[in-house]
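Novice:
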Ligand code: AMP
Ligand code: MG
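Residue numbers (this note's numbering): 1 to 352.
1. Let's test the definition: count the other Cβ atoms within 10 Å of the Cβ of residue 166 and tell me whether it reaches 16, buried, or not, exposed.
2. Cβ atoms of residue 45 and residue 178: under 8 Å apart, would you say?
3. Taking the Cβ atom as the reference point for each residue, do residue 38 and residue 184 lie within a distance shorter than 8 Å?
4. At which residue ranges does the segment 132-184 contain complete alpha helix (DSSP H) runs of 4 or more residues, listed in the order of the chain?
5. Report the three-state DSSP secondary structure of residue 46 (helix, strand or coil).
6. Which of helix, strand or coil does DSSP assign to residue 188?
7. What first and last residue would you give for the beta strand (DSSP E) that runs through residue 290?
8. In chain order, which beta strand (DSSP E) runs of at least 3 residues are fully inside the segment 49-93?
9. How many whole angstroms separate the CB atoms of residue 214 and residue 220, which I take to be in contact at a CB cut-off of 8 Å?
10. Given a cut-off of 8 Å, decide if residue 85 and residue 193 are closer than it, judged by their beta-carbon atoms.
11. My assumption, with CB atoms under 8 Å, is that residue 200 sits in contact with residue 211. Please give the rounded CB distance.
12. Which residue wins for smallest C-alpha separation from residue 91, given the options 104, 309, 128 and 80?
13. What is the DSSP secondary structure of residue 122, counted as helix, strand or coil?
14. Compute the Euclidean distance between the alpha carbons of residue 81 and residue 173, then round it to the nearest angstrom.
15. Hey, out of 308, 287, 312 and 282, whose CA is closest to residue 298's CA?
16. Excluding the 5 residues flanking residue 11 on each side, which residues of the same chain have their C-beta closer than 8 Å to its C-beta?
17. I'd like to confirm the pairing. Which residues does DSSP put opposite residue 100 in its beta bridges?
18. Using only the alpha-carbon positions, how far apart do residue 286 and residue 350 sit?
19. Report all residues from its chain with a CB closer than 7 Å to the CB of residue 289; omit the five preceding and five following residues, and keep chain order.
20. Determine the closest residue to residue 204 out of 95, 247 and 138, with distance taken between C-alpha atoms.
21. Rounded to whole angstroms, what is the Cα-Cα separation between residue 8 and residue 18?
22. Measure from the alpha carbon of residue 248 to the alpha carbon of each residue in 69, 345, 306 and 67, then state which is nearest.
23. Between the Cα of residue 186 and the Cα atoms of 164, 335, 255 and 113, which residue gives the shortest distance?
24. Label residue 240 either buried or exposed according to how many other C-beta atoms from any shown protein chain fall within 10 Å of its C-beta, with 16 as the threshold for buried.
25. Once you ignore the five residues that flank residue 119 on each side, which residues in its own chain have a CB closer than 8 Å to its CB?
26. Would you list the one or two residues that DSSP bridges to residue 322?
27. Using the C-alpha atoms, what's the distance from residue 51 back to residue 338?
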């Protein structure tokens, strides 16, 4: 298949003609990758089971890993869900459109092929003007997981999508680099207490400020064990994995910097390629390997924004070992550490 790359001229001022072919492809059961404010999504008609199957095939994604249905406005929510619980209503009012996905009991029109066999459906209303207008023009809810090969870091530019999806999908809309850079927050509102399934830019602190009590899914707290039965099938899969073995170092920053220098020097001596993930604040203190600052500690949104691009760059450089600083687990730091921990396959080294 030939993949068409369409550049959006000005995302703040899109003309419907720029999106009409993409909308038609979606309506007719094809695949279109498009920018959202979180990461690039790989879209298909969420109500068409055959279209959803194409997403799983293009990504190489296990078919029990459910998809998020994207809508453009509140009226499009009702047909997809059996009920809108009070917490869901409040969170939608506070954070939609935006980087928040909510899990509802599903209605009968949502096929099990989209939900990975679950009786619930995950729904998000993106704010990105290209994504939002595209969904409105398609006239159908759009299932859109991240537009990467399953297991690779999520794409934050159209070039990342091209690397993974060229020849496998009909079209890629290039709206430039995304804003946030990590996937949406996911909250399950289908039970008695809202439960955080995946941290993102709508932080735990923000959720609690809106609805009070919010629980954390146990799957977020540690590595999946042998008898692990996750709420969402997707939680059992390794995600965001770079080719290299990534080690996350935790402890006082001083000690972390010292140990990373030590480990990087040692591996270089053994003729391995080494990558170091640091920050603007510590950049000058590293001496060995390919050193990349992921952003500023003082502005964590810069770290979220650059994280996946840095992991992909290390794949391109074919490094064997990556050593990374770690971050606080509050606010946006929770999402950053969640992605880094998974990328590291829970390989964490404590130093002091
Ligand atoms: P993404 O990989 O960004 O497409 O996000 C998909 C993830 O959303 C899945 O791996 C699940 O963790 C979560 N998800 C989607 N649908 C549901 C659902 N019905 N119930 C719980 N989690 C869901
Ligand atoms: Mg993904």
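The C-beta atom is built at its ideal place from N, Cα and C for all residues, glycine as well.
Specialist: Based on what the coordinates show:
1. Against the chain shown, residue 166 aligns to sequence position 166. Exposed, since its Cβ has fewer than 16 Cβ neighbours within 10 Å.
2. Start at 1 with the first residue of the chain shown, and residue 178 comes out as number 178. Start at 1 with the first residue of the chain shown, and residue 45 comes out as number 45. Against a cut-off of 8 Å, the Cβ pair of residue 45 and residue 178 comes out as no contact.
3. Sequence index remark: in the chain shown, residue 38 carries index 38 (1-based). Sequence index remark: in the chain shown, residue 184 carries index 184 (1-based). Taking 8 Å as the Cβ cut-off, residue 38 and residue 184 qualify as a contacting pair.
4. 158-165
5. Looking up residue 46 in the chain shown gives position 46. Reduced to three states, the DSSP call for residue 46 is coil.
6. Within the chain shown, the letter at position 188 stands for residue 188. The answer is strand: DSSP assigns residue 188 an E or B state.
7. Within the chain shown, numbered from 1, the residue matching residue 290 stands at position 290. Per DSSP, residue 290 belongs to the beta strand (DSSP E) from 290-293.
8. 68-70
9. Taking the chain shown and counting its residues from 1, one reaches residue 214 at position 214. Taking the chain shown and counting its residues from 1, one reaches residue 220 at position 220. At roughly 12 Å, the Cβ-Cβ gap does not stay under 8 Å, so residue 214 and residue 220 are not in contact.
10. Working through the chain shown from its first residue, we reach residue 193 at position 193. Working through the chain shown from its first residue, we reach residue 85 at position 85. Not a contact, by the Cβ cut-off of 8 Å.
11. Taking the first residue of the chain shown as position 1, residue 200 is located at position 200. Taking the first residue of the chain shown as position 1, residue 211 is located at position 211. So it is not a contact: roughly 16 Å between Cβ atoms.
12. For the purposes of this step, residue 91 is taken as the residue at position 91 of the chain shown. Looking at the Cα atoms, 104 is the closest of the given residues.
13. For this step, residue 122 is matched to residue 122 along the chain shown. Here residue 122 sits in strand by DSSP.
14. Here residue 81 refers to the residue found at position 81 of the chain shown. Here residue 173 refers to the residue found at position 173 of the chain shown. Those two C-alpha atoms are separated by around 29 Å.
15. By 1-based counting over the chain shown, the position of residue 298 is 298. Checked all of 308, 287, 312 and 282; the closest Cα to residue 298 is 282.
16. Counting from one through the chain shown, the residue named residue 11 turns up at place 11. Closer than 8 Å at the Cβ level, and outside the excluded window around residue 11, lie 35, 128, 129, 130, 175 and 176.
17. Here the question's residue 100 lines up with position 100 in the chain shown. Looking at the DSSP assignment, residue 100 forms a beta bridge with 185.
18. Within the chain shown, the letter at position 286 stands for residue 286. Within the chain shown, the letter at position 350 stands for residue 350. C-alpha separation (whole angstroms): 19 Å.
19. Here the question's residue 289 lines up with position 289 in the chain shown. So the qualifying residues of the chain are 264, 268, 274, 275 and 276.
20. On the chain shown, residue 204 is found 204 positions in, with the first residue counted as 1. Ranking the options by Cα distance to residue 204, first place goes to 95.
21. Translated into the one-based positions of the chain shown, residue 8 becomes position 8. Translated into the one-based positions of the chain shown, residue 18 becomes position 18. Going from the Cα of residue 8 to the Cα of residue 18 covers about 7 Å.
22. Indexing the chain shown from 1 puts residue 248 at position 248. Residue 345 is the option with its Cα nearest to residue 248.
23. Mapped onto the chain shown, residue 186 falls at position 186. Answer by Cα proximity: 335.
24. Taking the chain shown and counting its residues from 1, the one referred to as residue 240 is at position 240. So residue 240 ends up on the buried side.
25. For the purposes of this step, residue 119 is taken as residue 119 along the chain shown, with counting starting at 1. Taken in chain order, the residues that qualify are 105 and 106.
26. Working through the chain shown from its first residue, we reach residue 322 at position 322. 246 and 275.
27. Position 338 of the chain shown, counting from 1, holds the residue named residue 338. Position 51 of the chain shown, counting from 1, holds the residue named residue 51. Whole-angstrom Cα-Cα distance: 30 Å.
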